[in-house]
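Before any comments, here is the structure.
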Amino acid sequence: MIIKFCNEQYYDGKLIPLTKQKSDNEPSIVLIKTVKGNHMRFQGGKHNIRELDSLDEDSIKNLVFPESYETGFIAPYREQINHAEQRLPEEILKDTVHKFQGRECDGIIFSTVLDKKGSKNDVQFVDSANLINVAISRAKKRFVLVSDVEVFKKSNKEISELIRYMEYYTESSLYHESKVISVFDLLYKEFSEVLIERENKLRKSDSKYKTERIIASLLRDILSEEKFKKINFKREYRLKDLVNDTSHLHEDEKQFIKTAARVDFLLHYKMGNEPLGVIEVDGVAYHHSKDQKRRDRIKNTILDKAGIPILRLRTNESREPERIKQFLNKHL
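Mind the numbering: the sequence shown is residues -7 to 324 in our numbering, read in order.
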């Protein structure tokens, strides 16, 4: 089915396939549509963490990463490959579409990266016949497309043709709507309906920053669960009140504490107020600056020396409830 699409779309049916197509009942083409929202980022280069996270859903990942397949991950932009190196299994081959030209894998995952923030030129680049032909034809058995989709439906070019092809050959394709969300999707105009209940729980009294109001609301719900009822949290807690012994700190770390540095959220036991851990909320644009990165490193070092674990929640990531619970379970 994969080579059939390329043959019809790009070679007028004249291509003679040399690779035998898979004959089992599993889909040859899989489309994973990310949830509504603004997931593309520009810091360091165009990338989309949500598309990477959507590959790891329990309901779909066996199709995305079959153990018997040699699998390759490709994307139009180098920065997406850089993030894939950090987040996808080591054995997955990873490179840009153009660098992958001439190579094949049993399975190919193509991440389109773009959402509505992409420019007209961006869409023309990603949705070009040459790039899509190269991307699809790298796959011998299965092609997985992970994408925002809507931006390419408006373009009505190559990716739209692939989607229509899938809709026609339903017996050989799979359309999957990802359920991977982030509570930080509430920062944007478009977000999944699943988050409406969370939005209604936000309290302006928690913070002037919506990011922190979101996490405060989430913590209240999590800490109300029976397993975590002995834990409470404080907001904007001063480091100097948390780290009493500074004898083991370097001079720059001592000075940092004296500057009224704070942690976003301190998790502590209700009885005795013993600290359990710290949660920091990292806005991607703000925490990308060199100065803020330096401050984050110093804070991490101070907390590490004090034996206080830290969980950083970046606003371009996802699955915050699960990650907070894992953090609590690990350090209880």
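Glycine residues also receive a C-beta, built at the ideal position from the N, C-alpha and C atoms.
His260 carries a strand assignment under DSSP once its states are collapsed to helix, strand and coil.
The bridge partners DSSP lists for Ser197 come to none.
Taking Pro267 as reference, the option from Lys219, Leu320, Glu245 with the minimal CA-CA separation is Leu320. Contact between Asp256 and Arg230 does not hold, since their C-beta atoms are separated by about 12 Å, which reaches or exceeds 8 Å. The C-beta of Ala252 has fewer than 16 other C-beta atoms within 10 Å across all chains shown, which makes the residue exposed. In this structure, the CA atom of Gly99 is about 20 Å from the CA atom of Tyr69.
For a cut-off of 8 Å, the C-beta gap from Arg205 to Leu194 is around 5 Å, short enough to register as a contact.
With fewer than three CB-CB distances shorter than 8 Å, the stretch 28 to 36 does not count as touching the stretch 47 to 67. Only buried fits His39, as 16 or more other CB atoms lie within 10 angstroms of its CB. Assignment of Val105 by DSSP, reduced to helix, strand and coil, places it in the coil class.
Residue environment: Met158 is assigned as buried (16 or more neighbouring CB atoms within 10 Å of its CB, all protein chains considered). Within the stretch 229 to 301, the complete alpha helix (DSSP H) segments at least 4 residues long are 231 to 234, 243 to 250, 282 to 297, listed from N- to C-terminus. The Cβ atoms of Leu106 and Asp140 lie closer than 8 Å to each other.
Residue environment for Thr162: exposed (fewer than 16 other C-beta atoms within 10 angstroms of its C-beta).
A direct Cα-to-Cα measurement between Glu18 and Ile155 gives close to 18 Å. C-alpha of Asp274 to C-alpha of Asn236: approximately 25 Å in a straight line.
The straight-line gap separating the alpha-carbon atoms of Lys219 and Met263 is approximately 15 Å. Residue nearest to Ile84 within the set Phe225, His90, Ala76 is Ala76 (criterion: CA-CA distance). Annotated as proximal: Asp119 and Ile151, with beta-carbon spacing under 8 Å. Closest option to Leu324, judged by alpha-carbon separation, among Ser281, Lys222, Asp233, Ile271: Lys222.
For Gly99, the pairing in a beta bridge is given by DSSP as Thr63, Arg134. By a beta-carbon distance limit of 8 Å, Phe65 does not contact Ile24. Their separation comes to about 13 Å. Straight-line spacing of the CA atoms in Phe34 and Ile41 works out to 11 Å. Between the C-alpha atoms of Lys297 and Val89 there is a straight-line separation of about 44 Å. Looking from the CA of Glu169, the closest CA among Gln247, Glu312, Leu137, Tyr3 belongs to Leu137. Annotation: Tyr167 to Ala208 spans about 35 Å, alpha carbon to alpha carbon. In the DSSP assignment, Tyr167 falls within the unbroken beta strand (DSSP E) covering 165 to 169. Excluding five sequence positions before and after Pro313, the CB atoms of its chain that fall closer than 7 Å to its own CB belong to Leu210, Ile214, given in chain order. Distance from the CA atom of Phe117 to the CA atom of Leu123, rounded to whole angstroms, is 8 Å. Annotated three-state conformation of His323 is helix, per DSSP. Judged by their CB atoms, Ile294 and Val270 are not nearer to each other than the 8 Å cut-off. In this structure Phe225 is not in contact with Leu187, their Cβ atoms being roughly 21 Å apart against a cut-off of 8 Å. Counted as a single uninterrupted DSSP element, the stretch harbouring Leu47 is not any beta strand (DSSP E), since DSSP gives it neither H nor E.
Assignment of Ser120 by DSSP, reduced to helix, strand and coil, places it in the coil class.
Counting along the chain, Val22 sits inside the beta strand (DSSP E) bounded by residues 21 to 25.
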